[in-house]
Each structure stands twice: as structure tokens, then as C-alpha cells.
Amino acid sequence: MDCIFCKIANGVIKTDFLYEDDKVVAFKDINPVAPAHVLIVPKKHIESALLIEGEDFNLIGHVFKVAQKLAKELGISEDGFRIVNNCNRAGGQTVMHIHFHLLGGRDMQWPPG
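In terms of the numbering used here, the sequence shown opens at residue 620 and continues consecutively.
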């Protein structure tokens, strides 16, 4: 498979994980837009939020558990943080493998860009 996130999750492309278990990996975004900017990526290849089905919904719940844990570890849980999922090209998704951005360490603006 030619998916960069599959390669990262499977260790083909090396990166320093902030978190890893049998379902997801988490690592710092290479182009951070906040002092804390972590990508949480399921190991299972799902192209977008539109293709979540069946047991995948449990996987997405697990992503949010990991986000909670990381937010506490990164010291952003008290002040607040944002979890972002972009869906398809017009929604800002640039890698066609579902992933979630955990952003914190600064005030978030609304509406986002």
C-alpha cells in the first residue's frame, strides 16, 4: 500500500511515537499549527469518516480515549484543546487515511479556516 500513514503505523517509515497500542499510533505533526499538535492515526486503513462502519465505531471511540490521555500528558487538558478530523479534499483532508489532530497550548479561534 502506498499510504504514508499505513507506512508510519507499520514501522516502514520511522517516527517517534508519543503513543502506540494495537489499534492506533500518535506522533507530533511535522507542520504544527499549535504548541501541542499531535496526529492520532488508526492502524487500520480507513480512508475517511464517511467510510467508518461496524466495529470501526469502537475504534473511533478508542481514538478519543487516547486523545484524553495525551491531552493530560501534554498538559493541555485543563485549559482546553481541540480534536479535528478533516473529511475529503474540500474538508481539508490531505492524507486519505482517517486521522485526528489533537491541538492545544493556545487559544483556538472560531470559525476555523
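Virtual Cβ for every residue (Gly too), placed ideally from N, Cα, C.
Residue i versus the options, residue with shortest Cα-Cα distance
i    : options                   : result
V682 : L670, V652, G673 and K662 : K662
T634 : F624, E674 and I665       : F624
L721 : Q712, T713, P731 and R701 : R701
G710 : G694, G699, G723 and P731 : P731
Limits of the unbroken beta strand (DSSP E) element including residue i
i    : result
V657 : A655 to P661
V703 : F700 to V703
Residues near residue i by beta carbon distance below 8 Å, same chain, minus five either side
i    : result
L669 : C706 and N707
K691 : none
Residue i versus residue j - alpha carbon distance
i    : j    : result
V652 : V703 : 12 Å
H716 : W729 : 26 Å
Y638 : G694 : 15 Å
According to DSSP, residues forming a beta bridge with residue i
i    : result
E778 : A query on residue 778 cannot be resolved here, the shown segment of the chain reaching from 620 to 732 and no further.
L722 : H656 and R701
Residue i - containing alpha helix (DSSP H), residue span
i    : result
L689 : D675 to E692
Cβ-heavy atom distance, residue i to the ligand SAM, below 6 Å
i    : result
I717 : Summarising the ligand content, the structure contains no ligands, and the ligand SAM is consequently not present.
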